[in-house]
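K.L.:
The following block contains the structure, expressed as structure tokens.
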Amino acid sequence: MKIGCIGGGYVGLTVSVCLAELGNDVICVDIDENRINDLNNGKIPIYEPGLDDMLDRNFKEKRISFTTDVKRAVESSDVIFIAVGTPMG
């Protein structure tokens, strides 16, 4: 399945990598260009045991990609997972 994940923070990144590990094609989108550039270069901004190995494996297998282009992510996905912060109040 092709899955788009809006948000590349802790929840979005972890979910995206796990969904790719299950064999899905995942495109993770975030508005932070620096975060996306880091992820595309193998730099993970969070720590979760085993996440770096899973990300590396799935990135090499082309099951996960990262972009700032929301339109591309949405148009190329069967399902969208939204993982962005929700302001209180």
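Under my numbering, read the sequence shown as residues 1 to 89, first letter to last. All C-beta atoms in this analysis are idealised placements derived from N, C-alpha and C, irrespective of residue type, glycine included.
1) Inspect the beta-carbon positions of V26 and K2 and report whether they are closer than 9 Å.
2) Using DSSP with H/G/I as helix, E/B as strand and the rest coil, what is G4?
3) Just grab the DSSP bridge partners of S65 for me.
4) In terms of residue numbering, what span does the alpha helix (DSSP H) encompassing I36 cover?
5) Within 10 angstroms of its Cβ, does N40 collect 16 or more other Cβ (buried), or is it exposed?
P.N.:
According to the data block:
1) yes
2) strand
3) I27
4) 33-40
5) exposed
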